[in-house]
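Colleague: Sequences listed follow chains E and S, in order. Heads up, the first sequence is in our numbering, so the first residue is 4 and it goes up one at a time. Heads up, the second sequence is in our numbering, so the first residue is 17 and it goes up one at a time.
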Amino acid sequence: SQTIHQWPATLVQPVGSPLSLECTVEGTSNPNLYWYRQAAGRGLQLLFYSVGIGQISSEVPQNLSASRPQDRQFILSSKKLLLSDSGFYLCAWSELTGRPTDTQYFGPGTRLTVL
Amino acid sequence: AQSVAQPEDQVNVAEGNPLTVKCTYSVSGNPYLFWYVQYPNRGLQFLLKYITGDNLVKGSYGFEAEFNKSQTSFHLKKPSALVSDSALYFCAVRVPANQAGTALIFGKGTTLSVSS
Numbered sequence: 004s005q006t007i008h009q010w011p012a013t014l015v016q017p018v019g020s021p022l023s024l025e026c027t028v029e030g031t032s033n034p035n036l037y038w039y040r041q042a043a044g045r046g047l048q049l050l051f052y053s054v055g056i057g058q059i060s061s062e063v064p065q066n067l068s069a070s071r072p073q074d075r076q077f078i079l080s081s082k083k084l085l086l087s088d089s090g091f092y093l094c095a096w097s098e099l100t101g102r103p104t105d106t107q108y109f110g111p112g113t114r115l116t117v118l
Numbered sequence: 017a018q019s020v021a022q023p024e025d026q027v028n029v030a031e032g033n034p035l036t037v038k039c040t041y042s043v044s045g046n047p048y049l050f051w052y053v054q055y056p057n058r059g060l061q062f063l064l065k066y067i068t069g070d071n072l073v074k075g076s077y078g079f080e081a082e083f084n085k086s087q088t089s090f091h092l093k094k095p096s097a098l099v100s101d102s103a104l105y106f107c108a109v110r111v112p113a114n115q116a117g118t119a120l121i122f123g124k125g126t127t128l129s130v131s132s
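#1: Is Gln-9/E buried or exposed, if buried means 16 or more other CB atoms sit within 10 Å of its CB?
#2: With a cut-off of 8 Å, do at least 3 Cβ pairs link the segment 78 to 98 of chain S to the segment 89 to 104 of chain E?
#3: Check whether the Cβ atoms of Arg-114/E and Thr-13/E lie closer than 8 Å to each other.
#4: Check whether the Cβ of Phe-109/E lies closer than 8 Å to any Cβ atom in chain S.
#5: Helix, strand or coil: how does DSSP classify Tyr-77/S here?
#6: So what does DSSP say about Leu-64/S, is it helix, strand or coil?
#7: Considering Gln-48/E, what are the terminal residues of the beta strand (DSSP E) in which it resides?
#8: Please say whether Lys-93/S and Glu-80/S have beta carbons closer to each other than 8 Å?
#9: Which of the three DSSP states is assigned to Val-99/S in this structure?
#10: Note down, in chain order, each residue of its chain lying with its Cβ closer than 6 Å to the Cβ of Gly-55/E, except the 5 sequence neighbours on either side.
#11: For Pro-149/S, count neighbouring C-beta atoms within 10 Å of its own C-beta (all shown protein chains included) and say buried if the count is 16 or more, exposed if not.
#12: Taking only beta-carbon positions, decide if Gly-125/S is within less than 8 Å of chain E.
#13: So that I know if they touch, is there some Cβ in chain S lying closer than 8 Å to that of Gly-30/E?
#14: Between Asn-28/S and the rest of its own chain, which residues show a CB-CB distance below 6 Å, the 5 nearest in sequence each way excluded?
Structure follows, in structure tokens:
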């Protein structure tokens, strides 16, 4: 069966510091991968998605970036964190079939607090 | 523009009573609709989805959802609520196009509180 991991689970960082969040998927090949952010009291916002190694699409302009160095690894980064980057970051995967009916499965999330 | 609305921020029900969490959508063409549940400080868990066919979709943990095209709704239901059902529920829609990278559009979420 497929599993999705995220780490760290929680992170407290000062403003201006760098960020690296990692997501890995097991039990599947060539997945679509997604990064979402959930701000306090709000819904989910898509940040990035990837359909393959090195292929990243950004949905929202910001100081965050994403990379996909391996088939089942998705990394969210920042060079300098802002207070507004605080939130709950969720990684998700779906089968790379091209069907809009494909289900997205979410990881456990990373709680980021920027002070 | 595609959108999803969950008109209630919070729903309160007593254990054993039926529950409904409302969702309405606005998309061009036929929609593909999803329900997820989120427990505190956890990721989202998939409950069920509507693709086509029978308007009543059955999912995990005894939940079901009814698709109503004329009312553009996809309400989540359960005949008998449990205290353990207390969580944050999200409705989401995906546009019916061959776009593998197109993500889901989520509603703001509804907090369900089931009292004993």
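Built from N, CA and C at the ideal position, the CB exists for glycine as well.
Modeller: Taking the coordinates as given:
#1: buried
#2: no
#3: yes
#4: yes
#5: Tyr-77/S: helix per DSSP, three-state reduction.
#6: strand
#7: 47 to 55
#8: yes
#9: helix
#10: none
#11: Absent from the structure is residue 149/S, since the part of chain S shown begins at 17 and ends at 132.
#12: yes
#13: Nearest CB-CB separation between Gly-30/E and chain S: not below the 8 Å threshold.
#14: Ser-129
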